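Each residue of the sequence shown is one higher than the one before, counting from 1 in the UniProt record's numbering.
Everything below concerns the one structure shown next.
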Amino acid sequence: MKIFQFYMMSYRSKRSLLVPPMFVPENQRAPFPRLIGKVISSDMKEDHIFRLIGRGADQDPKGVFSINRLTGEVAVSRALDREAIAYYHLQVSTTDLSGRLVEGPVDLDVSVIDQNDNRPVFKEPRYSGEVLEGSPTGTTVMTMTAYDADDPNTDNAVLRYIIVRQLPDKPSPNMFYIDPERGDIVTVIAPHQLDRETLPTTQYELEIVAKDMAGSEVGLTGTATATITITDRNDHAPEFTHSLFQASVNEGSTGVVVNLTVDDRDDPATGAWRAIYSIINGDPNQNFEIQTNLDNNEGMLSVVKVLEINGSILQLPVCEFADSLEWWGAAEVKHFSEPGGLSLVCQPEVNDSSPYNTCWSSAQKRGNGGTALFQHWQRVRRLEGLISCFGVRHRESFLFLHSPLCQQIPPASGTGTLKITLEDENDNAPYVFPSVARVCEDAKDMNVVVIGGRDKDIHPNTDPFKIELGKQPGLEKTWKISRINDTHSQIMLLHSLKKANYNLPLVLTDSGIPPISNNTELKVQVCTCRKNRMDCSRASSIQTNLLLLLFLCTQKAYFLCGLLLWPA
Numbered sequence: 001m002k003i004f005q006f007y008m009m010s011y012r013s014k015r016s017l018l019v020p021p022m023f024v025p026e027n028q029r030a031p032f033p034r035l036i037g038k039v040i041s042s043d044m045k046e047d048h049i050f051r052l053i054g055r056g057a058d059q060d061p062k063g064v065f066s067i068n069r070l071t072g073e074v075a076v077s078r079a080l081d082r083e084a085i086a087y088y089h090l091q092v093s094t095t096d097l098s099g100r101l102v103e104g105p106v107d108l109d110v111s112v113i114d115q116n117d118n119r120p121v122f123k124e125p126r127y128s129g130e131v132l133e134g135s136p137t138g139t140t141v142m143t144m145t146a147y148d149a150d151d152p153n154t155d156n157a158v159l160r161y162i163i164v165r166q167l168p169d170k171p172s173p174n175m176f177y178i179d180p181e182r183g184d185i186v187t188v189i190a191p192h193q194l195d196r197e198t199l200p201t202t203q204y205e206l207e208i209v210a211k212d213m214a215g216s217e218v219g220l221t222g223t224a225t226a227t228i229t230i231t232d233r234n235d236h237a238p239e240f241t242h243s244l245f246q247a248s249v250n251e252g253s254t255g256v257v258v259n260l261t262v263d264d265r266d267d268p269a270t271g272a273w274r275a276i277y278s279i280i281n282g283d284p285n286q287n288f289e290i291q292t293n294l295d296n297n298e299g300m301l302s303v304v305k306v307l308e309i310n311g312s313i314l315q316l317p318v319c320e321f322a323d324s325l326e327w328w329g330a331a332e333v334k335h336f337s338e339p340g341g342l343s344l345v346c347q348p349e350v351n352d353s354s355p356y357n358t359c360w361s362s363a364q365k366r367g368n369g370g371t372a373l374f375q376h377w378q379r380v381r382r383l384e385g386l387i388s389c390f391g392v393r394h395r396e397s398f399l400f401l402h403s404p405l406c407q408q409i410p411p412a413s414g415t416g417t418l419k420i421t422l423e424d425e426n427d428n429a430p431y432v433f434p435s436v437a438r439v440c441e442d443a444k445d446m447n448v449v450v451i452g453g454r455d456k457d458i459h460p461n462t463d464p465f466k467i468e469l470g471k472q473p474g475l476e477k478t479w480k481i482s483r484i485n486d487t488h489s490q491i492m493l494l495h496s497l498k499k500a501n502y503n504l505p506l507v508l509t510d511s512g513i514p515p516i517s518n519n520t521e522l523k524v525q526v527c528t529c530r531k532n533r534m535d536c537s538r539a540s541s542i543q544t545n546l547l548l549l550l551f552l553c554t555q556k557a558y559f560l561c562g563l564l565l566w567p568a
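Listed below in structure tokens is the structure:
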């Protein structure tokens, strides 16, 4: 019974001490101490006093809070900083004058009320980000994050972001946008305008402001700089600086014979600029090799196997007369070593579709009696200098010519070199290269292949080529062709296709007068791709014949250029 009575007395004792929670605004000004609340005891006697213990009272930081021993009033003695200590846990009790505990202890919680006294702070003063040129509108570039030391449960720490300045402000002052709540910087500019090679600079600086109080006018602000670099993608094809490179190779010599130069508008500091040269055809005996000069990106074409003079040499017997003769024209024959020998030139009037044309020459006979001019082919024939063509001649097929034998008795002959150039007519239809392309059925990149036009004719009966989809209805719903330059176009898929072999009808037209069109097909193999392996088991093997061309490629684009070599 005594135990029960003691328990009831103890319970009533604790319940008679009323200690409400207390709140103190931070950054209060003097005078101090300031009353913040009062503890009430229903059983308070004249010989009882209040006692306050805990952090902020008798523990560090000591003396922040105090309690009136007789009235129970609690006071704060100085300004508080919520960011230093946001919450104080104290205990209140009552004792008699000898210190014996009468009531308590009871918890007293003091919370520091936040004031908007901290500005938003970015972790770094400058941030860097990159975006690939041509990226779609809405592409996330980077995320800006600021911190506010105020109470996160109040508007004092609710931040909003805004871009206040962009440098430079071209082509648009609003190329980028920042999400006001998350701080994500995204592109606003159209993809075709986000072109590294046409923009005034490859780096843009954004001044970012973070404002607390949810962005209200009374909010405090913090500032940082975001530097965005427009990075290069391989979107510019390398172009030869000349449409034709010509070199002379001495028989029996080796080494570099010509340096091929290209222009590429991509970033020289990236692999998109580095050119890789290849000889794709016209060198069956592997007499040549080509390497990239890493210093200037030029292609160094070298002879690695000794060359022998081939069918471009024409054996031409001529006669020797008592007086020296010299023949003038457009293509000079080498002088003969014999004293008094003949030197012959010929300006051919040979059209590649004429069946029986005859070359003619002008000649002077120099002798003691003066100079005689011969311009008629019968006169020339009497001197056995006539060259005749038999049968239809095509510029694309070089044929050997042989002169008639000398009639002079005894004959005196020598050997010379004659080069005949045939005028070109637009008699060859253009064709597409490559003729086969492969693409993954689940590829995210819808670019299938870069195709180019080829033509056995020469300028102006070749490029620029016009490459179009065939006339079959519905092709434009699946395929798209984008022109790259005069010779190449990009084939793109508008949606994914299932694994199979597809024949894409194309129409290729040259620029001859009149132009010639060729209805052809590009074989597209849609394959299954897993872990960098392409399964095209349903695709058939296809072989393609190539022209005498040099193949220049970067990481993603391939282009061709003709190379003409004449022996010295």
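For every residue, glycine included, the Cβ atom is placed at its ideal position computed from N, Cα and C.
Because the structure is a prediction, the values reported are computed rather than measured.
| query | result |
| --- | --- |
| Roughly how many angstroms lie between the CA atoms of L506 and W479, to the nearest whole one? | 11 Å |
| Please report the Cβ distance between I40 and G63, rounded to the nearest whole angstrom; I am assuming they are in contact, meaning their Cβ atoms lie under 8 Å. | About 24 Å separates the two Cβ atoms, so there is no contact after all. |
| Pick helix, strand or coil for G299, following the three-state DSSP scheme. | strand |
| Whether or not the segment 421-439 and the segment 454-467 are in contact is what I'm after, with contact meaning three or more pairs of Cβ atoms, one per stretch, closer than 8 Å; do they touch? | yes |
| Can you tell me whether DSSP reads N156 as helix, strand or coil? | helix |
| Please list, in chain order, all residues of the same chain as D155 whose beta carbon is under 6 Å from its beta carbon, the five residues on each side excluded. | M213, A214 |
| Cβ atoms of V304 and T254: under 8 Å apart, would you say? | yes |
| Excluding the 5 residues preceding and the 5 following I178 in the sequence, name in chain order all residues of the same chain whose CB lies nearer than 6 Å to its CB. | Y161, I163, I185 |
| Going by C-alpha to C-alpha distance, which of P136, D107, A190 sits closest to S172? | A190 |
| Counting only runs of 3+ residues fully inside the UniProt domain "Cadherin" (24-122), write out the beta strand (DSSP E) ranges in chain order. | 34-38, 48-54, 65-67, 73-76, 87-96, 101-113 |
| Could you name the residues of the same chain whose beta carbon sits closer than 7 Å to that of K170, not counting the 5 residues immediately before and after it, in chain order? | P200 |
| Reducing DSSP to helix, strand and coil, say where E476 ends up. | helix |
| I'd like the list of long-range same chain contacts for D486, defined as Cβ closer than 8 Å, with 5 residues on each side in sequence excluded. | D463, P464, F465 |
| For G215, name the three-state secondary structure that DSSP assigns. | helix |
| With a cut-off of 8 Å, do at least 3 Cβ pairs link the segment 234-242 to the segment 258-277? | yes |
| Between M142, P268, S98, which has its C-alpha nearest H48's C-alpha? | S98 |
| Taking the alpha carbon of F433 as the point to measure from, which residue in K444, V450, C440, V439 has its own alpha carbon closest? | V450 |
| Do H89 and D107 have their beta-carbon atoms positioned less than 8 Å apart in this structure? | yes |
| Is DSSP giving L497 helix, strand or coil here? | coil |
| Using alpha carbons as the reference points, say which of T140, L159, L80, V158 lies closest to M175. | T140 |
| Please name the residue, chosen from S435, V76, I85, that lies closest to L52 on a Cα-to-Cα basis. | V76 |
| Roughly how many angstroms separate the alpha carbons of F245 and D266, rounded to a whole number? | 23 Å |
| Across which residues does DSSP place N503 in a beta bridge pair? | K523 |
| So who's on the other strand from F176, going by DSSP bridges? | T187 |
| Does N156 come within less than 8 Å of chain C when only Cβ atoms are used? | Although the question refers to chain C, the structure presented lacks it and comprises just one protein chain. |
| Grab me the residues of S354's own chain with a C-beta within less than 6 Å of its C-beta, minus the 5 sequence neighbours each way, in chain order. | Summary for S354: the model assigns pLDDT 43, below 50, so the residue's position carries little reliability, and this model does not support an answer. |
| Nearest by alpha-carbon distance to residue 572: which of T221, M142, S135 is it? | The displayed coordinates of the chain run from 1 to 568. Any statement about residue 572 would go beyond what the structure contains. |
| With burial defined as no fewer than 16 other Cβ atoms inside 10 Å of the residue's Cβ, what is the status of D510: buried or exposed? | buried |
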